[in-house]
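2 protein chains.
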Amino acid sequence: MEEKILELIEQKKFSELKSMLSDMNPADLAQIFEEIEEKDLPVVFRILPKELAAEVFVEMDSDMQQLLIEAFSDKELREVMDELFMDDTVDIIEEMPATVAKRILKQTDANTRRMINQLLAYPDDSAGSIMTTEYIDLKKDMTVDMAFDRIRKIGFDSETIYACFVTDRSRHLIGIVSVKDLLLNSKDTVISEIMDENVISVNTLTDKEEVANDFEKYDLISMPVVDMEGRLVGIVTVDDAIDVMKEEVTEDIEKMAAILPSERSYFKTGVFDTYKARIPWLLFLMISATFTGAIISNFNDKLKVFAGLIAFIPMLMDTGGNSGSQASVTVIRSISLGDIEFSDIFKVLWKEIRVAFFCSITLAAISFGKLIIVDYFLMGTLKHEAHPYLEMLVVCLTLFFTVIVAKIIGCSLPIIAKKIGFDPAVMASPLITTIVDAISLIIYFTTATVILGNIA
Amino acid sequence: MEEKILELIEQKKFSELKSMLSDMNPADLAQIFEEIEEKDLPVVFRILPKELAAEVFVEMDSDMQQLLIEAFSDKELREVMDELFMDDTVDIIEEMPATVAKRILKQTDANTRRMINQLLAYPDDSAGSIMTTEYIDLKKDMTVDMAFDRIRKIGFDSETIYACFVTDRSRHLIGIVSVKDLLLNSKDTVISEIMDENVISVNTLTDKEEVANDFEKYDLISMPVVDMEGRLVGIVTVDDAIDVMKEEVTEDIEKMAAILPSERSYFKTGVFDTYKARIPWLLFLMISATFTGAIISNFNDKLKVFAGLIAFIPMLMDTGGNSGSQASVTVIRSISLGDIEFSDIFKVLWKEIRVAFFCSITLAAISFGKLIIVDYFLMGTLKHEAHPYLEMLVVCLTLFFTVIVAKIIGCSLPIIAKKIGFDPAVMASPLITTIVDAISLIIYFTTATVILGNIA
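Line by line, the protein sequences are chains A and B.
Just so you know, the numbering used here puts 265 at position 265 of the first sequence, and the rest follows in order with no gaps.
Just so you know, the numbering used here puts 1271 at position 271 of the second sequence, and the rest follows in order with no gaps.
Structural data, given as structure tokens:
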């Protein structure tokens, strides 16, 4: 399909191209447009029917949008902008350089411009920033028939018609009625009889992550947004809520990997921006890890006697780190799914301690077996040591305690972080690993001193 | 609100309770029901109006559902089941023990039972397993008015009425028409004139993750599911697609933390199941980490001379691991968002190498400064070494090379894993860390041998 289209462009067979493209889905078209050479883009875009063109435009990434806007005449720009929903217009303006944004605003009428500026003013993470202003509003004394007339009148420009919002004279949101309710009731039924007064709504300043969670919790397809006085000012639709969910997940995953979250996709982020997102945590964790080094330095004299112990440091550190990350990542995800709250901390601890106990026993036992079979008999590396069996005991005991401590720290830090207002996602693998590393070495050297101390 | 309700239950003020609960949202009610004592649950549930009761029932977790089913009479069970959509019924049956499942099936009529058994037979990860069979189907020669009649007739039982599916005589899906299209066209318009023949549909066996991605890509609120012959057999609605998205993200995050993915939420998973999900990777990574130990053993003699080098091992291993995880996690997420494909591997490598270069330079420079100021002058730990400046050089050079190698491995392994059919999420922090640990030590000891070799 894609090759055929590129071929038609190559051969300038525009009428054939037009009939082919007109039947396609906007999202697929936007994807294919990415393969088209920049110089051909405006020509091909102009082939599309007006409405489809606008839909494709919305699906494009901002670089391509900018390219097209710069190629558009003022009239063309106005035509595309007229077809867009308010939230999409605002998204596009936000991504454009100031000069392009100004040009877009110049092509809209005064009323729209005022609305856009208002939407642009909402904080980045708020419901206001993702809502649109095109929705169906009804009055409670309308009949079903009148409601349908209104839907027919303003429905073309409305992003969704399936939820209709009932407002009073001063535009306060007082009820909601679905098109399903309208269709399943007789024509002369009055809206106030069938509307649901128990409307779930959010405020313009509600965090957009919370809005997205409400969509999931209540199985919504749109959510009304009201201002501080309870007046309806816009709606959020489910497709935008899904985008928010995806963004938030990406952000969480980035934080869990010790990366500062970025807004743009991988290839759209420049090398220097990627560097800036990654270096702060790398530096912080590197400096933190030197404390672990200091622990080793303190034990240096003993390590010279029991040099065999050094070789187990990476295994102990890694296993501790992995055990801790498993607990922390599980808890972080459960917190963001709403399964774990601060009041659950003891329940979580009790569960993790039991899991840790079984993991510890298994790891220590298998490790002991491996030490005897591989390190002692097969490789013979431990045979040269003065007290091979005591050293094995030290390693296995350390493993046992490290895993238990790692799980306890891993599960409790995210919950505590959340409680004191930090993002729990930050308490994931890298930070937990650094903390657990230091602790595992302290356990290691303490155990070694207790068991091997009086020998050295 | 919640306390008020629990108080009313305590005081057995059921009529007051009834009027209070009847106005509430099913999702909120299900949450409150979790706080109610088990013995009160059936009583309170019976207070609810029939339709609301069924909606609340769907939102409950399976333990509570089972409790209620066991308290229900056959008649009550049938009433609740009659109100449910097919996909919810199937979900519930799947979670119940065999005896309860059998009892539910006994209360459904033969037709429904056949349908349920068919849905139960679809593979766990398929579109068939999440679809429902209640949808609006139209014929292409119907008029808009006839379509509305049909919607009014079967709309009550249909999960969504907003997308209507046009099928031919043998039930092949041939078009789609939205209620918006129906409303915005005159009554005598024929469906075939306004239907969109370019229907996006999936097969019953399509992976449900792919289905969820299509919802996001095409901004859908429902997706038709066809069988191998292209006959319409069900639809997936956006709320179920959102649930799939959340499940898949949780699974990915678990895999990235070296945990085998589980189906149930944190507290619903038993201690032993959690243990079983965590121990395989812990064991595998522990055994792998012993290779890192072997590298240290090989270098043991030299380490006795340059004992100062041991203290830097944790810092070098951690920084390498963190650098690698940053790259791998970023790439894994970009793969699952569809931003990175196998053909992008060189583009990714080129970007990561540049990012790594800047990170390396920064980390090595700051590390050098810290070594001189803290370790040499302030703490004096390095002063006792025979060649402090050469050791600093070894540490900083190792840091430089380790970070670059870590980023290269971190970014390429997930892409390669995906290409050869493995899950890229497995190539996240824990595995990358283990690999990078070994490599960083090899780099460390090689650099040390080259620079300090002829001195010892």
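The C-beta atom is built at its ideal place from N, Cα and C for all residues, glycine as well.
Quick caveat: nothing in here was measured; it's all calculated off a predicted structure.
Residue i burial status per 10 Å Cβ neighbour count (16 or more: buried)
i	result
Val305/A	exposed
Asn117/A	exposed
Leu378/A	exposed
Asp496/A	Summary: the structure shown does not reach residue 496/A, with chain A confined to residues 1 through 456, and so no result is reported for it.
Ile361/A	exposed
Ser1343/B	exposed
Thr206/A	buried
Ala98/A	exposed
Tyr1389/B	exposed
Asp124/A	exposed
Glu55/A	buried
Glu10/A	exposed
Glu1003/B	exposed
Phe1072/B	buried
Met245/A	buried
Enclosing alpha helix (DSSP H) for residue i [first to last residue]
i	result
Asp1318/B	Ile1313 to Ser1336
Leu1431/B	Ser1429 to Leu1452
Thr292/A	Val271 to Asn298
Thr1089/B	Met1086 to Glu1095
Phe1215/B	Lys1208 to Tyr1218
Lys1050/B	Lys1050 to Glu1059
Gln11/A	Here Gln11/A belongs to no alpha helix (DSSP H), and DSSP marks it neither H nor E.
Leu41/A	Leu41 to Ile47
Arg1152/B	Val1144 to Ile1154
Lys75/A	Asp74 to Glu83
Val1063/B	Note that residue 1063/B is Asp in the sequence shown here, rather than Val. Element bounds for Asp1063/B: Ser1062 to Ala1071.
Ile32/A	Pro26 to Phe33
Start and end residues, beta strand (DSSP E) containing residue i
i	result
Ser222/A	Ser222 to Val226
Ile161/A	First-last for Ile161/A: undefined, no H or E at that position.
Gly234/A	Leu232 to Thr237
Contact set between residue i and chain E, taken where Cβ atoms lie within less than 7 Å
i	result
Phe1072/B	This model lacks chain E altogether, as its protein chains are A and B.
Residues within the region 1231-1244 of chain B neighbouring chain A, beta-carbon criterion of under 7 Å: Residues Val1238, Asp1239 and Ile1242.
Alpha helix (DSSP H) runs wholly inside the region 1370-1421 of chain B, at least 4 long, in chain order: 1388-1419
Where the region 423-435 of chain A meets chain B: residues whose CB sits under 7 Å from a CB there: Ser429, Pro430, Thr433 and Thr434
Interface residues of the region 271-286 of chain A facing chain B [CB-CB below 8 Å]: Val271, Phe272, Thr274, Tyr275, Arg278, Ile279, Trp281, Leu282, Leu283, Leu285 and Met286
contact_flag[the region 435-452 of chain A, the region 306-316 of chain A] where n(CB pairs < 8 Å) is 3 or more: yes
Length at least 4, wholly inside the region 165-206 of chain A: the alpha helix (DSSP H) runs in chain order: Here the runs fully enclosed are 179-183 and 191-194.
Near-chain B residues of the region 305-317 of chain A (beta-carbon distance less than 9 Å), N- to C-terminal order: Answer set for the region 305-317 of chain A: Ala307, Gly308, Ile310, Ala311, Phe312, Ile313, Pro314, Met315, Leu316 and Met317.
Any alpha helix (DSSP H) of 4 or more consecutive residues that is wholly inside the region 97-136 of chain A: Runs found: 98-106, 110-120 and 127-130.
Three-pair Cβ contact test at 8 Å for the region 260-267 of chain A versus the region 1274-1284 of chain B: no
Three-pair Cβ contact test at 8 Å for the region 244-255 of chain A versus the region 190-205 of chain A: no
Chain B contacts from the region 318-334 of chain A (Cβ-Cβ distance under 9 Å): Per Cβ criterion, the list reads Asp318, Thr319, Gly321, Asn322, Ser323, Ser325, Gln326, Ala327, Ser328, Val329, Thr330, Val331, Ile332, Arg333 and Ser334.
Given 8 Å, three or more beta-carbon pairs between the region 1391-1410 of chain B and the region 1311-1330 of chain B: yes
Within 7 Å of chain B by C-beta, residues of the region 190-206 of chain A in sequence order: Asn198 and Ile200
Residues in the region 1151-1171 of chain B having any Cβ partner in chain A nearer than 8 Å: Ile1151, Arg1152, Gly1155, Phe1156, Ile1161 and Tyr1162
Contact residues within the region 42-65 of chain A, judged by C-beta distance below 8 Å to chain B: Flagged: no residues at all.
Near-chain B residues of the region 377-389 of chain A - C-beta to any C-beta below 7 Å: Those residues of the region 377-389 of chain A placed with their C-beta closer than 7 Å to a C-beta in chain B are Thr381, ordered along the chain.
Segment contact flag, the region 1088-1107 of chain B with the region 1063-1077 of chain B, C-beta cutoff 8 Å, min 3 pairs: yes
The region 1235-1244 of chain B in contact with the region 203-220 of chain A per 3-pair CB rule at 8 Å: yes
Segment contact, 8 Å Cβ cut-off, at least three pairs: the region 1362-1370 of chain B with the region 1346-1353 of chain B: Contact fails between the region 1362-1370 of chain B and the region 1346-1353 of chain B, because fewer than three Cβ pairs, one in each stretch, are under 8 Å apart.
contact_flag[the region 291-298 of chain A, the region 411-419 of chain A] where n(CB pairs < 8 Å) is 3 or more: no
Three CB pairs or more closer than 8 Å across the region 169-188 of chain A and the region 88-102 of chain A: no
Under 7 Å (Cβ pairs) to chain B, residues found in the region 122-133 of chain A: none
Stretch-stretch touch, CB-based, cutoff 8 Å, three pairs: the region 22-34 of chain A with the region 45-65 of chain A: yes
Contacting positions in the region 1253-1266 of chain B - beta carbon closer than 8 Å to chain A: Ile1253, Glu1254, Met1256, Ala1257, Ala1258, Ile1259, Ser1265 and Tyr1266
At least three beta-carbon pairs within less than 8 Å, the region 128-143 of chain A to the region 1171-1183 of chain B: no
Contact list for the region 5-29 of chain A against chain B, Cβ threshold 9 Å: Asp23, Met24, Asn25, Pro26, Ala27 and Asp28
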